[in-house]
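**Student:** Heads up: the sequence lines are chains Z and C, in that order. Quick note on numbering: the first sequence equals residues 1 to 110 in the working numbering. Quick note on numbering: the second sequence equals residues 1001 to 1868 in the working numbering. All C-beta atoms, glycine included, are put in the ideal place defined by N, C-alpha and C. From a predicted model like this one, the values you see are computed outputs, not experimental measurements. Structure below; questions to follow.
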Amino acid sequence: MKELTKLEEVVMVAIWRLGDEAYGVEIKKKVEEILGKEYFYNTLYTTFHQLVQKRYITKHFGEPTSVRGGKRKVYFQLTESGMNVMEKAFIRQRKVWAGVSRESFKKEQA
Amino acid sequence: MIYKKPRPPRIALWLLTRMHFPDLDEGFEGDIEEDFEERVNNQSRKNAVFWLWIHAIAAFPKFIMQITRWRFYMFKNYLKIAIRNMRRNKGYSFINITGLSIGIACCMLVFFFVQDEKTYDRFHENIDRIYYIMGDVDLDRYKIGVSPEPSLAERMRDEFPEVENAVRLKREELLIKKEGDAVKMIGISTDSSFLDIFTFPLALGSVEGALDGLSSIILTHKASQILFGGKNPVGETVSLNINDEYVDFIVSGVTQPIPDNTSLRFDFLINIRSVRGEEIENNQGFLPTFLLLSDKENYGQLIEKFPQTIDKDLSERFKGKGAYRLHPLAGDHLNNESSSIVLSEKGNIAYMYILLGIALLILLTACFNYTNLSIGRFLNRMKEVGMRKVLGALRKQIARQFLFESVVLSVFSLGLAFILSAVLMPSFNFLIGKELTINIFDNPLPGIFLFLLTICVGCVAGAYPSIIASRSQSIELFRERFKLSGKNIFSRALIVFQFAASVFLIIGTMFMGKQINFMLSRELGYESEKVVRIPLENISKDIKKNQSFFANYKNKLTGYGSIKNVCGAKYSLSSSWMRWIGETKEGDKRFICSQNYTDHDYIDVLSIQMLQGRNFSREFPSDLTDSVIVNEEFVKEMGITDPIGKNMSEFFKEPSIFGNFRIIGVVKDFNYESLSKKIRPIVLMLNKDESYDYAYVKFSGSIQEAIKILEREYKELGPHIPFEFSFLDEQVALQYRKEEKWRRIISWASLFAVAIACSGLFGLTLLVVTKRTKEIGIRKVLGAPVSAIVRLISREFIWLVALANFIAWPAVYYCAHKFLQNYAYRIPIDIWTFMKAGFLALAIAFLTVSVHAVRAGVRNPVDVIKHE
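Shown next, in the form of structure tokens:
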């Protein structure tokens, strides 16, 4: 199993958090909220595509509505292996930062 | 209230979605739209649109990467293979590249020519708004085109708000001198608005008031070089010969070098009042007038006003139906329907297209060479293509490879073509009588066009080989079972086309040459040998004694033994004479006759044969005032049975310039104009004051001596006036220089076409011979002589060339017929010329083919059968 890139990780977290409402616009907002900077749809969709290819997420169409120029929404969902990967990433993250607290940075600064 | 949904700009959205993954299209697009709507609502539409465009632009780099990355790798491979193949088959590559280079170079030269013709006068900033005005007058039976009267320019400017400015111009051919000898220069006398309307920037002097003074003159860069060398001439004095008197002018400016493609050609500009003051004062005569419209759109509005205003005056002036018309200066150079006397000689659009056609014919021939040879060469590359297919190359990719190869080759040829055309340019300039230069940097259009043309050539040439290569089955390729030779109709059709084109050009050249020779050798009706023509237009009066220059000159010359006779004439031979258009007495026939003033010795000097009556004679002084000599055609046209002594007034309905003159003699018809025109009725009269514009001198003995005498006497009578002369026989030949020029162009073109076609045939025969090596060997073992082998190989090609002949002949017949229609006296279209050209083509083809055939025939069969 390959490691996830930062953006992939964040996208997956965003999808997990959004649950049933995980589609492009919302995911973008979530990602931007988490990382605090703007993203292009181009970039995000490239990431979606890669995640779909790796089978970490699946997509399914919603009902067509009158908004969005009549286009259907595409919802994303985490798969079993996607959850596993996230879990691993989480654990790794924990290990990497173990024993580091915010105060330790302040000390360094001082 | 209807809520209008904000929609994103369509182009940006389209670009963005097209560049992205097709499988995520809907979600992606929908998201973009949703976000866009939100942005419009929360911020502003402008912001949202900007946001979307940024998205679209950001998608570009990735998109480009995706589409090019893999192709690039493949192209690198194609290029490598292409170069290897070119190296391996040096002969074919050489034939292909030279053929294509010649073809492209021909197109390049013609393109420069066409561009030069098309861009005539385009350097004027106001070119779209410049028009010249000409009147068409319908005088019942015939129409004339006239330039307007002098006052019209002012009237147009004052009365019509659509006209921003107007200018009158007249071409003046005057002698100009600084000190010492005078030179003849062509100038334009004009109004001071000239420089505002036309774009002729001054290099020296100021535009303000440069033409205002009656004694101001503006010189062109060229004229200033001739008169003053490199010095600054502003403020200096030059004298112009106006009505036989030298008048001083002060140079007020010098123009920058004038582009070659200008319809207005001049060496100097002067104020129109300094030469034509009287005409303008009395509002007489005709002055070509140019208008600058305030807006191009006003054109229609302006001409609608003509019928009620200026057209009425025109009709009154000529007592006929008159109408003014505006002709745009833009494109006038190639418009053969309009003309103004101030504008230089027109280009011929028909010739332009002929030239273009010939160049394309050569290029196409070269393309087909490539096609043919590539098909042949494909046989050697079957394994390569098979391997590519097995390794997964798509049909599309194989096709692309072959196309790419031919494009590479043609681009390579383009480079060579540039060099070739640079080398050929001086000769081409000589042929077409222009001064073109290859300048890609100032003028990128030809470069771009030629590059595109080259790509097209590559695609056309490579199309068929790539189709063949891509559609073949790999299994067949590996077993080399692929059959091309058997019935390759396409290849043969191309050969037929190539030779048809060659035969077409060869026969064209032959007919042109024959027609020219025919015109040169035709009985002119007068003797042109050892006759010198001296123009005297500039010195009608003797400068010192104010007498007829001609009479004095003639007197002096008759003292010399080597000068046999001298005569004068108002109009030169082989140019147009004065036309008299009239009606016969009964009014049943309108006819045109040409008239010339000559002196007593005209008929003797030119050895024109008298048929009836007598020549002008000094023994009858009354000849000066009441006698004419006519030609046979005149007698025939008038239907006179006994012409001698008839009064001219008997023939005409209205009083003519011939008044009550009587016919004293009839001469045999002679070709006074070009042979392309039919001989018309002519009338010769004596001139009372003996002022003639041309002197014809018949001499005996050496040419140099005669010329020396002529010049010496001339200089004595009129110093500072340049002595010009020409030999009558050369003058006659000069009339056909246009035909001669075209004959040369076409003969060069046919040479190229034949060379290319032959090289193609040469290559193709080699292939056939190589393929049939074994067969030939076996035939020889079984006892076939060399001649049988040669026959075997050449038979099929000879048939093709023969077929090409039959295809080309009707086309040539049609074109030759059209071409010869231009000449009143023309050669018949005979079958022999066709046969000759056909035989020539066959002979050339046979020679080409037999080189290989003989070589194959004499080879030792032992070597051959061992082959493989």
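Anyone know if the C-beta pair for residue 1107 of chain C and residue 1360 of chain C falls short of 8 Å?
**Tutor:** Contact flag set, yes.
**Student:** Quick check on this structure: which residue in C:1573, C:1619, C:1088, C:1098 has the alpha carbon closest to the alpha carbon of residue 1365 of chain C?
**Tutor:** C:1098
**Student:** In chain order, what residues of the region 1054 to 1069 of chain C put their CB closer than 7 Å to some CB of chain Z?
**Tutor:** 1055, 1058, 1059
**Student:** Give me the residue from C:1124, C:1462, C:1683 with the minimum Cα distance to residue 1398 of chain C.
**Tutor:** C:1462
**Student:** Just the Cα atoms here: how many angstroms apart are residue 1686 of chain C and residue 1637 of chain C?
**Tutor:** Taking the straight line joining both Cα atoms gives about 23 Å.
**Student:** Can you give me the start and stop residues for the alpha helix (DSSP H) that residue 1800 of chain C sits inside?
**Tutor:** For residue 1800 of chain C, the uninterrupted alpha helix (DSSP H) run begins and ends at 1786 to 1820, by DSSP.
**Student:** Assign residue 1517 of chain C to buried or exposed, taking buried as 16 or more other Cβ atoms, counted over all protein chains shown, within 10 Å of its Cβ.
**Tutor:** exposed
**Student:** Do residue 1721 of chain C and residue 1414 of chain C count as a contact pair if the criterion is CB distance below 8 Å?
**Tutor:** no
**Student:** In chain order, which beta strand (DSSP E) runs of at least 3 residues are fully inside the region 1503 to 1555 of chain C?
**Tutor:** 1531 to 1535
**Student:** Compare the Cα-Cα distances from residue 1027 of chain C to each of Z:94, Z:13, Z:100, Z:72 and report the closest residue.
**Tutor:** Z:72
**Student:** Under 8 Å between the Cβ atoms of residue 1372 of chain C and residue 1803 of chain C?
**Tutor:** no
**Student:** How would you write the range of the beta strand (DSSP E) that residue 60 of chain Z sits in, first residue to last?
**Tutor:** 57 to 61
**Student:** Is there a Cβ from chain Z that is less than 8 Å from the Cβ of residue 1475 of chain C?
**Tutor:** no
**Student:** Would you mind telling me which residues of chain C sit closer than 9 Å to residue 40 of chain Z, beta carbon to beta carbon, in chain order?
**Tutor:** 1054, 1055, 1058, 1059
**Student:** Could you check whether the Cβ of residue 104 of chain Z sits closer than 8 Å to any Cβ belonging to chain C?
**Tutor:** No, residue 104 of chain Z lies away from the interface with chain C (no Cβ there is under 8 Å from its Cβ).
**Student:** Threshold first: 3 residues or longer. Then list the beta strand (DSSP E) segments lying entirely within the region 36 to 85 of chain Z, N to C.
**Tutor:** 57 to 61, 74 to 78
**Student:** What did DSSP end up calling residue 1327 of chain C once you bin it into helix, strand or coil?
**Tutor:** The three-state reading of DSSP puts residue 1327 of chain C in strand, counting E and B together.
**Student:** Here's the rule I'm using: 16 or more other beta-carbon atoms within 10 Å means buried, otherwise exposed. How should residue 1688 of chain C be labelled?
**Tutor:** Exposed, since its Cβ has fewer than 16 Cβ neighbours within 10 Å.
**Student:** If contact is defined by three or more beta carbon pairs under 8 Å, each pair taking one atom from either stretch, is the region 1380 to 1390 of chain C in contact with the region 1773 to 1783 of chain C?
**Tutor:** The way I'd put it, the region 1773 to 1783 of chain C doesn't touch the region 1380 to 1390 of chain C; fewer than three beta-carbon pairs between them come closer than 8 Å.
**Student:** On the DSSP bridge assignment, give the partners of residue 1580 of chain C in chain order.
**Tutor:** Its beta-bridge partners are C:1593.
**Student:** Are the Cβ atoms of residue 1790 of chain C and residue 1845 of chain C separated by less than 8 Å?
**Tutor:** One thing to note: residue 1790 of chain C has its Cβ no nearer than 8 Å to the Cβ of residue 1845 of chain C.
**Student:** Can you check which of these residues, Z:37, Z:70, Z:16, is closest to residue 1034 of chain C by C-alpha distance?
**Tutor:** Answer by Cα proximity: Z:70.
**Student:** Measuring CB to CB, does residue 1717 of chain C end up less than 8 Å from residue 1596 of chain C?
**Tutor:** no
**Student:** Return the chain-ordered list of same chain residues with a C-beta closer than 7 Å to the C-beta of residue 1665 of chain C, the five sequence neighbours on each side being excluded.
**Tutor:** 1610, 1612, 1613, 1614, 1615, 1629
**Student:** Chain C beta carbons: is any one of them nearer than 8 Å to that of residue 69 of chain Z?
**Tutor:** For residue 69 of chain Z, the closest Cβ of chain C is nearer than 8 Å.
**Student:** Could you pull out every residue in the same chain whose Cβ sits closer than 8 Å to the Cβ of residue 1758 of chain C, ignoring the five residues on either side in sequence?
**Tutor:** The residues are 1844, 1845, 1848.
**Student:** Kindly indicate which three-state DSSP category residue 1241 of chain C falls into: helix, strand or coil?
**Tutor:** strand
**Student:** Out of C:1124, C:1210, C:1406, which one is the CA nearest neighbour of residue 1259 of chain C?
**Tutor:** Of C:1124, C:1210, C:1406, the residue nearest in Cα terms is C:1124.
**Student:** Would you give the residue range spanned by the beta strand (DSSP E) that residue 1289 of chain C belongs to?
**Tutor:** 1289 to 1293
**Student:** What does residue 1032 of chain C touch in chain Z if you count any residue whose Cβ is under 7 Å from its own?
**Tutor:** 41
**Student:** Just how far apart, CA to CA, sit residue 1606 of chain C and residue 1333 of chain C?
**Tutor:** Roughly 38 Å between the two C-alpha positions.
**Student:** Give the single residue among C:1579, C:1786, C:1564, C:1057 whose Cα lies nearest to the Cα of residue 1701 of chain C.
**Tutor:** Residue 1701 of chain C has its Cα closest to that of C:1564, out of C:1579, C:1786, C:1564, C:1057.
**Student:** Closest to residue 1153 of chain C by CA distance: which of C:1133, C:1146, C:1837, C:1074 is it?
**Tutor:** Of the candidates C:1133, C:1146, C:1837, C:1074, the one whose C-alpha sits nearest the C-alpha of residue 1153 of chain C is C:1133.
**Student:** So for residue 100 of chain Z, helix, strand or coil by DSSP?
**Tutor:** Here residue 100 of chain Z carries a coil assignment [DSSP, helix/strand/coil].
**Student:** Could you run through the region 16 to 35 of chain Z and flag, in chain order, every residue whose CB is less than 8 Å away from some CB of chain C?
**Tutor:** 23, 24, 25, 28
**Student:** With 16 other CB atoms within 10 Å as the buried threshold, where does residue 1008 of chain C fall?
**Tutor:** buried
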